[in-house]
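At the far end of the sequence shown sits residue 62, using my numbering, and the numbering has no gaps. C-beta atoms are modelled at their ideal positions from N, C-alpha and C, and glycine is treated no differently. Keep in mind it's a predicted model, so treat the numbers as computed, not measured. Here's the structure we're looking at; comments come further down.
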Amino acid sequence: MLLSIHTGDTDVKRFFHEDLIRILQTLYWSLRLYGIIKEL
Numbered sequence: 023m024l025l026s027i028h029t030g031d032t033d034v035k036r037f038f039h040e041d042l043i044r045i046l047q048t049l050y051w052s053l054r055l056y057g058i059i060k061e062l
């Protein structure tokens, strides 16, 4: 990775990582809510 030379690469990775976690959490809660609503 040539980008790893730049110091800003860590910020990009950190931002992407947090964004990915947020997306996964949203998907997780959406599936849980869908399961609960389906059972009603």
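Specify the secondary structure class of residue i as computed by DSSP and reduced to three states.
i, result
"Leu-46", "helix"
"Asp-62", "Reading the sequence as shown, one finds Leu at residue 62 and not Asp. Three-state result, Leu-62: coil."
Kindly list the residues whose CB is nearer than 7 Å to the CB of residue i, restricted to its own chain and excluding five residues on each side of it in sequence; keep chain order.
i, result
"Ile-45", "none"
For residue i, which residues in the same chain have their Cβ closer than 6 Å to its Cβ, ignoring the five residues on either side in sequence?
i, result
"Asp-33", "none"
"Gly-57", "none"
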